[in-house]
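Residue numbering for the sequence shown follows numbering that gives the first Met the number 0, beginning at 0 and increasing consecutively. What follows is a single structure, written as structure tokens, with notes after it.
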Amino acid sequence: MITHKNISLFFVLLLLLLFLLNFYTAINIWWFVFIILIWLGINAVGSARISSDYHVKAYCNNPSETEKKIAITFDDGPSVFTLEILELLKKYNVKATFFCIGKNIETHPEILKQVIAEGHLVGNHSYNHSPFFDFYNAKKIREEIEKTDALLEKYTSKKINFFRPPYGVTTPSIRRALKKTGHKVIGWNIRSLDGGTKNQSLIFNRIIKRISPGGIVLLHDTAPHSVFVLEQFLQFLQQNNYKVISTEELLNLKAYDIERG
């Protein structure tokens, strides 16, 4: 497996080799610049692609699943649109996982309580979901995670095990923070892009083209177009004999740990 540590070691050795060769033959400085730019590029791609496992192990699907079973996840709530999402999930008898932002839990605690009461799982999605989250140091990341955990555990009475980093970006600081908190990183392999476009047809077609056994779908519970797409998608799953199961069941991982209180 290609990891941040392996790649970094490789490029350090490569640069050292060039440096030693430079004693015997003149090496153009642009070779050093070229190698460093490649290393930076690989780091950028590895950090941005959650399924790469570049910095941390992320559970993005179950490739061994052969039956038509998938999991559905929602990011960035709770919000007023979460209530409409819950109505649809109840209508189609589907359970999902909601990755919640701490500050939104504080704004909509009753909605979070309803999510849990209706049998859905919840996970940690940071406290602020800042666009600068991946630039935070490990201490600040850990503080955000623990602050959100405390809010979630107030209603679950259990320790939260699932974490999804904002934007799906991972970094060495996130790795160090998670080493302390012990969370499992839950990713996805079917990204709807409903957070970046309101085009319902585009979102829906993107999902169904990528659907396959063992997949994890990423949607958002923060906008009306996501609600409309969800109903279309649930109808599609029903018509094509797909079964929606929990992320716990799909990945054989526990969303919660020991009881609190």
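Every residue, glycine too, gets a C-beta built ideally from N, C-alpha and C. Since this is a predicted model, take the numbers as computed values, not measurements.
Span of the beta strand (DSSP E) around residue i
| i | result |
| --- | --- |
| LEU120 | 120–123 |
Sequence-distant residues of its chain with Cβ nearer than 6 Å to residue i (five each side left out)
| i | result |
| --- | --- |
| ASP256 | LYS158 and ASN160 |
Beta-carbon proximity list for residue i, same chain, < 7 Å, skipping 5 on both sides
| i | result |
| --- | --- |
| LYS146 | GLY101 and TYR126 |
| LYS56 | VAL184 |
| LEU229 | ILE84, LEU87 and LEU218 |
Continuous alpha helix (DSSP H) stretch holding residue i: start and end
| i | result |
| --- | --- |
| VAL226 | 223–238 |
| ASP148 | 137–155 |
| LYS90 | 79–90 |
| LYS179 | 171–180 |
| VAL93 | Segment: none, VAL93 is in no alpha helix (DSSP H) and carries neither H nor E. |
| GLU117 | Taken as a continuous stretch (DSSP letters only), GLU117 belongs to no alpha helix (DSSP H), as it is neither H nor E. |
| ASN204 | 199–209 |
Sequence-distant residues of the same chain with beta carbon closer than 8 Å to residue i, five excluded per side
| i | result |
| --- | --- |
| THR155 | ILE115, VAL121, TYR255 and ARG259 |
Between the CA atoms of residue j and residue i - distance to the nearest angstrom
| i | j | result |
| --- | --- | --- |
| ARG174 | LEU236 | 35 Å |
| PRO165 | GLN238 | 33 Å |
| LEU111 | CYS59 | 24 Å |
| PHE10 | GLN113 | With a pLDDT of 49 at PHE10, under the threshold of 50, the modelled position of this residue cannot be trusted, and the question is left open. |
| TYR241 | ILE69 | 7 Å |
| GLU143 | GLU64 | 34 Å |
| THR196 | GLY213 | 26 Å |
Exposed unless 16 or more other CB atoms sit within 10 angstroms - verdict on residue i
| i | result |
| --- | --- |
| ASN92 | exposed |
| PHE134 | exposed |
| ILE37 | exposed |
| PHE131 | exposed |
| PRO77 | buried |
| VAL44 | exposed |
| THR96 | buried |
Strand pairing of residue i, partner residues [DSSP]
| i | result |
| --- | --- |
| ASP74 | PHE98 and HIS219 |
| LYS253 | Answer is none; LYS253 lacks a bridge partner. |
| LYS68 | LYS242 |
| TYR58 | ILE185 |
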